[in-house]
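Count the sequence shown with the numbering used here and you get residues 14 to 323, in order. These notes concern the structure reproduced below.
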Amino acid sequence: MLKTVVARVCACGIACAVVGGCSLSPIARHAAAFSSASSLVIESSEDAYRTANDLRVREQMEAAVYAYDYASGADLQFDPHKEFKPLFTADQLAARITVFDALELYGESLAQIAGHPSKEDTEALEGAAAGVGQNLAGLSGEIHSKFAGVPAITGTESAVISTALKALGEYLQTRVIKKSLPKVTGDMDVHVKALCDLLQEDIKVMKTQADSDYTSLLMTQNQFVLHNKLDAVEKRNEVEKEMAVVREQRANERLLDALSAAVLKLQLTHHVLAAGAAGNNPGSLKQNIADLQAAGKDLSSYYKSLLVAQ
């Protein structure tokens, strides 16, 4: 539902900017382009998070199979009823998706504020934003449980993140179109930065865990080869599996690096957009938006390459 709303609103904004019949100002065209580029980044980012969670479960499944065959200690014996520990619980993953959805809808609201949306598009966006905004604001009091393990959530950082979640959530719950672009981007810039900083710290945790998971996968596969009497063909096949894991590991590293770069570019581009909306009109705005769009395409490309590697 969210992607449908975003796609329709985004398409209308871009068409209006391209055709020129809507008489959009330069900053309005930039807002529409920012919305389109950030949408691509965010949707690919959500895919990357789901992939990281799947990897953690996969590693534990492989380890469980190995334990079933070779472990001798009672605590290592295979138990089919044992639940695997995910990188993110269902609630924690949902919290992160909510943050991304909120940022995406926020970007769409900027395009509508600066443009000439139809009544249907306005109502569709506000309907979607209200629910996501409510969920986001609710996270402000649950960050230690929903974002457990993220180093940034300590002391002052915790208060900054909580304020950002509440501020963006409340913004999305209001009539988002009844605002001015300079005020909205100016007020929200610090909060967008706080949420992007949170995601950047989150990605560091994902990188560390992915490195551990792939190391475990390779060790498990290697132990399988060492502890079994394999003929030449079987051994070759198993070694090829190890090489495939290495290729997948490298693809995943590129994906997470691209994810980190895209989130940083999202934050920086919003900052430049806020400055442009305030009349500072930095010449780098157009280039920043182009870079953001390129970051989104790169992220999508790396995600697809990881699927191929698997």
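Virtual Cβ for every residue (Gly too), placed ideally from N, Cα, C.
Mind checking whether A223 and L194 have CB atoms under 9 angstroms apart?
-> no
Exposed or buried, L319, counting other C-beta atoms within 10 Å across all chains shown (16 or more means buried)?
-> Its Cβ being crowded by 16 or more others within 10 Å, L319 is buried.
V246 - containing alpha helix (DSSP H), residue span | 245-290
Is the beta carbon of K95 less than 9 angstroms from the beta carbon of A77?
-> yes
What's the C-alpha gap between V145 and M256?
-> Across the structure, V145 and M256 are spaced so that their CA atoms are roughly 42 angstroms apart.
Under 9 angstroms between the Cβ atoms of I110 and K192?
-> With contacts defined as CB atoms closer than 9 angstroms, I110 and K192 fail to qualify as a contacting pair.
Whole angstroms is fine: what's the gap from A303's alpha carbon to S51's?
-> One alpha carbon belongs to A303, the other to S51, and they sit about 11 angstroms apart.
For N293, which of helix, strand or coil comes out of DSSP?
-> coil
contact_flag[the region 224-231, the region 168-180] where n(CB pairs < 8 angstroms) is 3 or more = No: fewer than three Cβ pairs fall under 8 angstroms.
Taking three-plus beta-carbon pairs below 8 angstroms as touching, is the region 233-244 in contact with the region 203-220?
-> no
Excluding the five sequence neighbours on either side, which residues of its own chain have a C-beta within less than 7 angstroms of the C-beta of L230, listed in chain order?
-> So the qualifying residues of the chain are E72, E75, V258.
Residues near A290 in its chain [Cβ-Cβ closer than 6 angstroms; skip 5 each side] = I40, L194, P195, T198
Would you mind working out which of K310, Y79, A274, T282 sits nearest K299, comparing C-alpha positions?
-> T282
Within its chain, find whatever has a CB closer than 7 angstroms to the CB of V285; leave out the 5 residues flanking it on each side and keep chain order.
-> Contacts found: P295, S297, L298, N301.
Just reading off the alpha helix (DSSP H) that G154 is part of, what are its end residues?
-> Note, G154: premise wrong, no alpha helix (DSSP H); not H, not E.
Where N334 sits in the DSSP three-state scheme | An answer regarding residue 334 cannot be provided, because it is not within the stretch 14 to 323 covered by the chain.
Validate contact between the region 205-212 and the region 232-239 using beta carbons, cut 8 angstroms, 3 pairs | With the cut-off at 8 angstroms, the region 205-212 and the region 232-239 do not touch.
Cutoff 6 angstroms; reference Q11; Cβ partners in own chain excluding five residues on either side = The structure shown does not extend to residue 11, since the chain is modelled only from 14 through 323, so no value can be given for it.
Considering only residues of the same chain and omitting the five flanking positions on each side of D60, which have a CB-CB separation below 7 angstroms?
-> Y316
With a Cβ-Cβ cutoff of 9 angstroms, do S3 and L272 count as a contact?
-> As shown, the chain starts at 14 and ends at 323. That puts residue 3 outside it, with no answer to give.
Give a yes or no on whether the C-beta atoms belonging to G182 and A115 are separated by under 9 angstroms.
-> yes
Do E56 and E117 have their C-beta atoms within less than 9 angstroms of each other?
-> Result yes, Cβ atoms of E56 and E117 sit closer than 9 angstroms.
Closest by CA to G309, which one among M201, L279, G292?
-> L279
Could you tell me the distance, in whole angstroms, from the CA atom of Y184 to the CA atom of R69?
-> 35 angstroms
Would the beta-carbon of Y62 fall within 9 angstroms of that of F113?
-> Between Y62 and F113, the C-beta spacing is below 9 angstroms.
Which word fits H204, buried or exposed, when buried means at least 16 other C-beta atoms lie within 10 angstroms of its C-beta?
-> buried
Residue interval of the alpha helix (DSSP H) (run including A107) = Annotation: the continuous alpha helix (DSSP H) that includes A107 extends over 103-127.
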